[in-house]
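Number of protein chains: 2
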Amino acid sequence: MAAKLDTRAPPLRPTRAIRAILTMLAHSPFTTLSLLLPLLAYSASLVLGNGETPVCLSPGFRILLDEHTAGLPLPHDLKAAVKRTEMALKDHGHAYLSPTAGREFFSKRKDNSTEDLAACEHVLTALHLALDPNVLGGAKAIPSILSSAVAPAESRPELEAYRLSVPLDGPATISAKTALGLFRGLTTFEQLWYSVPISHPSEHGSSGTSYTVLSRPDSLAASQQLPLGSSGSQGPAKTSTLPPQMLDAMAMVKLNVFHWHITDSNSPHQKYSEDEVRMIVQYAGERGIDVVLEIDTPGHTAIVAESHPDLVACYERTPFNTYAHQPPAGQLRFADPRVADFVSGVFTASAGLSGSRYFSTGGDELNVACMMEDEPTTELLDRNGWTLDEALDDFTRKTHATLIGLGKTPLVWQEMVLDHGPMWSLSRDTIVDIWKDSRDARAVLDRGYKIVHAPADYFYLDCGQGGWIAKEGGGNSWCDPFKSWARMYSFNPYENVDEAQKELVIGGQASLWAEQTDETNFETVMWPRAAAVAELFWTGSSGGRFPRSSVEALPRMHDIRYRMVESGVRAVPLQPYWCALRPGACVEGK
Amino acid sequence: MAAKLDTRAPPLRPTRAIRAILTMLAHSPFTTLSLLLPLLAYSASLVLGNGETPVCLSPGFRILLDEHTAGLPLPHDLKAAVKRTEMALKDHGHAYLSPTAGREFFSKRKDNSTEDLAACEHVLTALHLALDPNVLGGAKAIPSILSSAVAPAESRPELEAYRLSVPLDGPATISAKTALGLFRGLTTFEQLWYSVPISHPSEHGSSGTSYTVLSRPDSLAASQQLPLGSSGSQGPAKTSTLPPQMLDAMAMVKLNVFHWHITDSNSPHQKYSEDEVRMIVQYAGERGIDVVLEIDTPGHTAIVAESHPDLVACYERTPFNTYAHQPPAGQLRFADPRVADFVSGVFTASAGLSGSRYFSTGGDELNVACMMEDEPTTELLDRNGWTLDEALDDFTRKTHATLIGLGKTPLVWQEMVLDHGPMWSLSRDTIVDIWKDSRDARAVLDRGYKIVHAPADYFYLDCGQGGWIAKEGGGNSWCDPFKSWARMYSFNPYENVDEAQKELVIGGQASLWAEQTDETNFETVMWPRAAAVAELFWTGSSGGRFPRSSVEALPRMHDIRYRMVESGVRAVPLQPYWCALRPGACVEGK
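Protein chains in written order, with full-length UniProt numbering: chain A, 1 to 590; chain B, 1 to 590.
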C-alpha cells in the first residue's frame, strides 16, 4: 500500500509476507468431499495398485474442452488452467518412487525382472471436461474459478466437487458443477501420472519414455510447471517475498484459503502496493484460493505512530518485552473514539482489495501494561466508566460494524473470545482462529463460535528454529519443538469436541510467521509439511478415522514432495532417497 | 565413482552430498590469526565506526597485481580470485544495515538528517597485492592457492596470514607470504564495502550511487558473485547436490576444510563420478578449502553387499534398529582378512582423488549385535582368539597402514578411541572428531589425541527437524533441539581442557548430515549458522575470551547473512528486517 488508499490512508504497511498463513478456513473439511479418492470413479480395471494394467499417456494427448456449455463461453481462468495442465503433462518428469522407477508395472515376469517390458497396451488420448449445464439455470455466463474461490465457506464443498473417471478404453472425463470443480479435478488428474523409462524395441533400437497412470492411492497432488503469467494474470514483483509459486504449490494440494496477515509493527520497510495485492488476489483466485486479508488491531500496530503519533500508546517504550510481545512496543489507543474511526477507515480502504467474504481484524496479543500505563487511555476509561475490556468491546463493535457493512464476515484470533470477558461485539458469525494451544478450541466452541484449528502445538510451521529475540547463547523458539509433518498429521480435529459442535469446526490452518522466514526459506519451511495439513483436513470426512496414520501417509508425502521438487518448489526431503523408494523400509521397528 | 577405480573397484558409491560436513579441521583456530581484525592494519584515520570519514570506491577501481614476483609468474588461481573480487565489487549491492542505509555516514548534520549529503572526500582507486618475495627462496614457481589449501594443518596459520591496509590517501594494500594469504585478504577487502545510495548534486539533478568503506568491526565476510568456471575450473554437474556455491559461501567466511562423508549405506542411487569429485576438489582448493574425504568403515557399509555379499554381515536384516543405526542394516565383516584387503583397496583407489594430507576412515556407530549374530564373524573371532574389539583393532591397523603408506593422516570419529578398548592401531597423529557430546572431548584429549570439536549438542546443523525414521505422530530428532547460531557461538573450545591439552584442540566443525537435507534445503540449513562457527574458531586466539557474546556478534551475523543473500546464497533471516537495521533493538530486556 505504498499508494494512498484514500484520504484517510493508513500508515499501516503491508509486510513482505510477514505472517503469511495458509489456511483451509473457507472450506468445511468434514464433508463427503475428499482431497483424494472418494470422488474418483476409476474403471475397476484401472485400480492398478498391483501394477497389472498401466495406462500410457499418448504423446498426442489432449484435453477436450467444450468451448460452449449451454451456449455460454467458458471462463478464461479455466481455459488457462487447462493449458497449464496440458503443458505440465507434456513436460512431465515425476518418477515413480521405487527402486525400478515404475518399470515393474510393465514387467510380464513374476520375478520382477524389468528387462522384458511389454509395450503399453492402453493409451489415453484425451480427457473430456464436462460442466453440468443443469446448474447454470438462467445464468448469462459460466462463473469463473475465481468467483467460486471467494464464495462463502458453506458453499465450497459443492463448488469444489468433481468426478474423475479414467476408464481403460478412454477417454477420461472430469465432470463438475463449476469451473472450480473442474480445476480441482485437473489437479488430481495431473497427480496420477508418473514418468517411467520404458525400453521400446523399435527399428532404431531400444529406447523411449512413456507415462503410466497408476491409481496408486498414495498419490496426493500433482505438479504445475507453467511459467508465471500463463494464466493471464501477473504475479507480484520479483522482489516480493510472496511469489506466485507459493500459490501454485498451495493449489497443488488444494489448499483453498490464503490468510494474509498483511501488516505488523515491524513492517515499515517492507510494503506491497495496492496493485501488487490485487495481483496476488487475482492470481490466487484463478487457482481456487480465497485471499483473506488481516489488518491486525488493536495490537501489533506500533508503526501507526510514524504517521499518527496521537493514536498510539507506548510507542517504542523499553524494555519492549514489558509493553509488547515483540519489538517495537506500541498499540492503538482503542479507548479513543478517533482510533475506531481510523481503523474503520483502514478496513474500508483495505476490504475491497480482495473479493473474499472474510476479513480478519486480528485481536491477538494485546498488552495490558502498555494500555494501563498510558495516561490518555486511563483518562478515557475513567471518563467512560469503562474497564479496558469494555473499551475493547466498544472498539470492536464499531470496527466490526464497519466490516459487516462492507459485506465481510470478521475473523479474530482466539484471545478476542477467551481473554477479555464477554465480548458482546462479536457477532455469532465471527470465525475464531485457535492458535495458542489445541486445548483452547473447546472453550471457544462452548461459546458457540465457529473455529479454525491453527494451534501452535500442531500447525505452526516456524516453531523450532531457535528463539529470535537475541540473548546470550540463543534459546529455543517459544513453541519448540519443530512441528514435523507427522505431528501435524496426527492432529484430531474432533478431540474433545461434542457431536453437536462438529459443525462449528470449519477448517484447519498451517501458519507461517515471518520473524525468521523470508524469500530465502519460506518454501523449505512450508513444504511439504503444509501438504500434510491439506490432506488431513480434506479427508476429514472419511468416517471420523482420527487420528490418522502418518506411517500410512508417508508414501503419499514422499510422492507429493518429489512432485513439488519436479515443479520447482523447494520442498524438503523427509527421509533419505533410499527410504523414499522403499515404502515401509524406514519405519521404526520394521 | 561410477567409473571403475581399479580392478578391486569398490561398490561403495559416493552420496550426493550425503553427510556433507564443513570443518575447520586443518586449521589451528587458536593462533594469533583471526578471521577479523587482528591482522587488518587500517590507517587509524579509517577506523570509521562513527561514520566520520567514509571512503568511496572509484568506478575505475582496480586491483593491481604485479604479474611477476621475484621474476616468477603468479599462480592462475590467484589471478582468477582477483578477477572475482573485481567483478564482485563492480556489481556490489550489499546495503548498509541501518534505517538510513548508510547515508548517515555522509551527513554533515548532527541531527541525523540525510538530505545534506557531502560529496565523497576520499576515493579509493586501487588495491595493490604484494607477495613477500623473501619467502620464495629458490622456488621456481609461486605456489598456488590450491597448494596451500592441501598443506598440513600446522602450517596453515602462516599460509593464510595477510596484512590489509586501507589508508585514507590510498592505495590499499594486501601483503602476504602466499597466494592463499592474498586470497583471504581479498575476501576481507570485499567485506568492507557497502552500497550506499547518495544523492550527488550534479548537472543532471540529484542522483547516483556510491560505495563507502566502513571499517565497521562487525562485518564478517563478503560476497563472491562470479559465475561458475570463472576461475578456470568446472563446477560439478547441475544435478549434483554439492553445488559450487557451497564452496563459494564457505570461502566467504574462510571455512577452510570440507570434510566429505562420501559413502553411506543408503547411497546406491546417488553417485558422483571420479571426475566430479576431482572437479569439486579443484574448485575447493582454488578457494583455499582442503577436501578431506571420508570412506566410513566398518559400519555404514551395507551397500557393499550389492557387489560383495560375502564381505557384509546382517545385510538388510530387520528390524533394522536392532542391527544398525539406520536402514538398511549391514556392516563389513571386519574380522575377515579379505575385508581389510578390500577396504585397503578402496582407500588406495580413493585417496588420490584429493591432495589433502588427511583422510577419514570413519569408525562411527558400529553395531555389535550385527557382528555377534554373524556366524562367519564369530567363527573368525573364535579361530583367532579375538574379542570383537581386538578384531577391530587389527582391521584398523591394516587399513590405516595402507593410508599412512599413501601419505595420509587418518581421521576417525570418537568411538574409535572411546568405545572399543585400547586401540593400539591408532597412530599418535590420528585426529579424532568429537561428535556425540561436547563432554566427550576431555576423554579423548586425556588419551593424547588431537581433536576437532564437532559435538552434536552444539554443531550439528540438522538437529531439530523432527525424527526421520517414520513412526506414528513423528517424534523429535535425536539431537533436538535445533542448534541456533547463538548456541553454536556460545561454545567454549577450552571448557574442561587443561592448559597442556590446548594444543591438541586443532579446530571446530559444523556438520550437516543428509537424511533430511538435499539440494532443496542445504543452503537454508547451513547458512548463516556455519558463519558463526567460522567466526568462533577463527577468533579463538583472541585472549581466551570464551564464551563469546552472541549478542555482540548479532550485527555481524546480520551483515554476513545479507551479504550472502546478495551473492545468491539462501542464508536464512535471523530476525525481522526491522531488527537487522537496529542493532540492540531486539535483544531480550532491551
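Ideal Cβ positions, reconstructed from N, Cα and C, are used throughout, including at glycine. What you are looking at is a predicted structure, and each value in this text was computed from that prediction instead of being measured.
So who's on the other strand from residue i, going by DSSP bridges?
{"i": "GLY568(A)", "result": "Answer is none; GLY568(A) lacks a bridge partner."}
{"i": "PRO133(A)", "result": "Paired residue(s): none; PRO133(A) is not in a bridge."}
{"i": "HIS94(B)", "result": "According to DSSP, HIS94(B) bridges with nothing at all."}
{"i": "HIS308(B)", "result": "In the DSSP output, where bridge partners are listed per residue, HIS308(B) has none listed."}
{"i": "THR173(B)", "result": "HIS128(B), SER165(B)"}
{"i": "ILE64(A)", "result": "Reading off the sequence shown, one finds Leu at residue 64(A), where the question assumed Ile. Paired residue(s): HIS128(A)."}
Pick helix, strand or coil for residue i, following the three-state DSSP scheme.
{"i": "LEU46(A)", "result": "Because LEU46(A) carries a pLDDT of 24, less than 50, the predicted location of this residue cannot be relied on, and the following value inherits that uncertainty. If DSSP states are grouped into helix, strand and coil, LEU46(A) belongs with the helices."}
{"i": "residue 647(B)", "result": "Because chain B is modelled from 1 through 590, residue 647(B) falls outside the range shown and cannot be assessed."}
{"i": "CYS56(A)", "result": "strand"}
{"i": "GLY362(A)", "result": "strand"}
{"i": "SER155(B)", "result": "helix"}
{"i": "VAL123(B)", "result": "strand"}
{"i": "LEU192(B)", "result": "coil"}
{"i": "LEU186(B)", "result": "helix"}
{"i": "LEU72(A)", "result": "strand"}
{"i": "ILE142(A)", "result": "coil"}
{"i": "VAL253(A)", "result": "coil"}
{"i": "SER147(B)", "result": "helix"}
{"i": "ALA313(A)", "result": "strand"}
{"i": "SER550(B)", "result": "helix"}
Buried or exposed, going by whether 16 or more other CB atoms sit within 10 Å of the CB of residue i?
{"i": "SER307(B)", "result": "exposed"}
{"i": "HIS261(B)", "result": "buried"}
{"i": "ASP111(B)", "result": "Summary for ASP111(B): the model assigns pLDDT 47, below 50, so the residue's position carries little reliability, and this model does not support an answer."}
{"i": "TRP413(B)", "result": "buried"}
{"i": "MET372(B)", "result": "exposed"}
{"i": "THR387(B)", "result": "exposed"}
{"i": "PRO422(A)", "result": "exposed"}
{"i": "ASN256(B)", "result": "buried"}
{"i": "SER549(B)", "result": "exposed"}
{"i": "ASP140(B)", "result": "A quick correction: the sequence has Lys, not Asp, at residue 140(B). The residue is exposed, with fewer than 16 neighbouring Cβ atoms inside 10 Å."}
{"i": "ALA379(B)", "result": "The amino acid occupying residue 379(B) in the given sequence is Glu; Ala does not appear at that position. By the 10 Å Cβ count, GLU379(B) comes out exposed."}
{"i": "SER233(A)", "result": "Summary for SER233(A): the model assigns pLDDT 24, below 50, so the residue's position carries little reliability; its value from the coordinates is reported in the next sentence. Classification for SER233(A): buried."}
{"i": "ARG428(B)", "result": "exposed"}
{"i": "GLY474(B)", "result": "buried"}
{"i": "PRO73(B)", "result": "exposed"}
{"i": "ASP66(A)", "result": "exposed"}
{"i": "ASP77(B)", "result": "buried"}
{"i": "ASP91(B)", "result": "exposed"}
{"i": "VAL368(B)", "result": "exposed"}
Does the separation of the CB atoms of residue i and residue j fall below 9 Å?
{"i": "residue 593(B)", "j": "HIS400(B)", "result": "For residue 593(B) there is no data in the structure shown, the boundaries of chain B being 1 and 590."}
{"i": "PHE320(B)", "j": "CYS463(A)", "result": "no"}
{"i": "GLU472(B)", "j": "SER490(A)", "result": "yes"}
{"i": "PHE183(A)", "j": "ALA340(A)", "result": "no"}
{"i": "LEU97(B)", "j": "ALA580(B)", "result": "yes"}
{"i": "THR69(B)", "j": "ILE174(B)", "result": "no"}
{"i": "THR402(A)", "j": "THR348(A)", "result": "yes"}
{"i": "PRO455(A)", "j": "TRP485(A)", "result": "no"}
{"i": "VAL525(A)", "j": "LEU536(A)", "result": "no"}
{"i": "LEU124(A)", "j": "GLY170(A)", "result": "yes"}
{"i": "LEU129(A)", "j": "GLY185(A)", "result": "yes"}
{"i": "SER360(B)", "j": "ALA324(B)", "result": "no"}
{"i": "TRP468(B)", "j": "GLN516(B)", "result": "yes"}
{"i": "LEU445(B)", "j": "ASP364(B)", "result": "no"}
Please go through the stretch 265-305 of chain A and give each complete beta strand (DSSP E) segment of 3 or more residues, from N-terminal end onward. 290-297
Whole runs of the alpha helix (DSSP H) within the stretch 432-508 of chain B, excluding any shorter than 4 residues: 441-446, 456-459, 485-489
Going along the chain, which unbroken runs of the alpha helix (DSSP H) with 4 or more residues stay wholly within the stretch 328-372 of chain A? 337-351, 368-372
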